[in-house]
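*Asks:* Pasting in a structure now, in structure tokens, and then I'll have a few things to ask.
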Amino acid sequence: WATWCPPCRAEMPSINKLFNQFKNDKNIVFIFADADGDLSKSVKFMTNRKYKMPVFKVTSSIPEQVFSGALPTTVIFDKQGRLSFRHEGIANYADKKIIDFLYKLKASE
143 WATWCPPCRA
153 EMPSINKLFN
163 QFKNDKNIVF
173 IFADADGDLS
183 KSVKFMTNRK
193 YKMPVFKVTS
203 SIPEQVFSGA
213 LPTTVIFDKQ
223 GRLSFRHEGI
233 ANYADKKIID
243 FLYKLKASE
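Residue 143 is where the sequence shown starts when you use the working numbering, and the numbers rise one by one after that.
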């Protein structure tokens, strides 16, 4: 995601809601990759909005099947590290379908 990306900014409230729902679940991990190239700018964005989501600087290449350059891109991996969900563009991550998907994925082997 990037601070200059309007769809990224628009979906942040729903992602924050989802994050808060699962933040204490050790089986679900959220990783927000900074596409700004300026981690401090992204951290400031989160802090100013009182979001507690962790933002990370990308320090290696990301496989194209995971990220092709479109923002925002959301990916979900299963316990074995297999890509289970990939979406480019804005979405409502507070939607029951996403929440149910995470619970189902968490319960699967």
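No residue lacks a Cβ here, since even glycine has one placed at the ideal position from N, Cα and C. Here the structure is a predicted model, which is why all the values come from computation and not from measurement.
With distance defined between alpha-carbon atoms, name the residue in Thr216, Phe174 and Ser182 nearest to Val208.
*Replies:* Position 66 of the sequence shown, counted from the first residue, corresponds to residue 208. Closest option to Val208, Cα to Cα, is Thr216.
*Asks:* When the Cα atoms are used, what is the spatial distance from Asn158 to Gln222?
*Replies:* Here residue 158 is taken as the residue at index 16 of the sequence shown, counted from 1. Here residue 222 is taken as the residue at index 80 of the sequence shown, counted from 1. Those two C-alpha atoms are separated by around 25 Å.
*Asks:* Are the Cβ atoms of Phe161 and Met195 separated by less than 8 Å?
*Replies:* Locating residue 161 in the sequence shown gives position 19, counting from the first residue. Locating residue 195 in the sequence shown gives position 53, counting from the first residue. Their beta carbons are under 8 Å apart, which means Phe161 touches Met195 by this criterion.
*Asks:* In the DSSP assignment, find the alpha helix (DSSP H) that holds Ala177 and state where it starts and stops.
*Replies:* The residue given as residue 177 occupies position 35 in the sequence shown. Ala177 -> no alpha helix (DSSP H), and no H or E assigned at all.
*Asks:* How long is the line joining the alpha carbons of Asp167 and Leu244, rounded to whole angstroms?
*Replies:* Reading the sequence shown from its first residue, position 25 is the one you call residue 167. Reading the sequence shown from its first residue, position 102 is the one you call residue 244. Distance between the alpha carbons of Asp167 and Leu244 is about 11 Å.
*Asks:* Hey, quick one: how far does the beta strand (DSSP E) through Phe172 stretch, first residue to last?
*Replies:* In the sequence shown, residue 172 corresponds to position 30, counting from 1. Element bounds for Phe172: n/a, residue is neither H nor E.
*Asks:* Hey, how far is the Cα of Ser156 from the Cα of Asn234?
*Replies:* Stepping through the sequence shown from its first residue, residue 156 is reached at position 14. Stepping through the sequence shown from its first residue, residue 234 is reached at position 92. Answer to the nearest angstrom: the Cα atoms are 6 Å apart.
*Asks:* Quick check on the DSSP output: the beta strand (DSSP E) that includes Arg151 runs from which residue to which?
*Replies:* Position 9 of the sequence shown, counted from the start, is the residue given in the question as residue 151. Unbroken run through Arg151 is the alpha helix (DSSP H), Pro148 to Phe164; no beta strand (DSSP E).
*Asks:* Have a look at Leu213 and Phe219 and give me their C-alpha separation to the nearest angstrom.
*Replies:* Along the sequence shown, one-based indexing puts residue 213 at 71. Along the sequence shown, one-based indexing puts residue 219 at 77. If you take the alpha carbons of Leu213 and Phe219, they lie about 18 Å apart.
*Asks:* For Lys192, which three-state DSSP category applies?
*Replies:* As a position in the sequence shown, residue 192 is number 50, starting the count at 1. Residue state, collapsed to three classes: coil.
*Asks:* The beta strand (DSSP E) that contains Lys199, what's its start and end?
*Replies:* Here the question's residue 199 lines up with position 57 in the sequence shown. Counting along the chain, the beta strand (DSSP E) containing Lys199 begins and ends at Val197 to Lys199.
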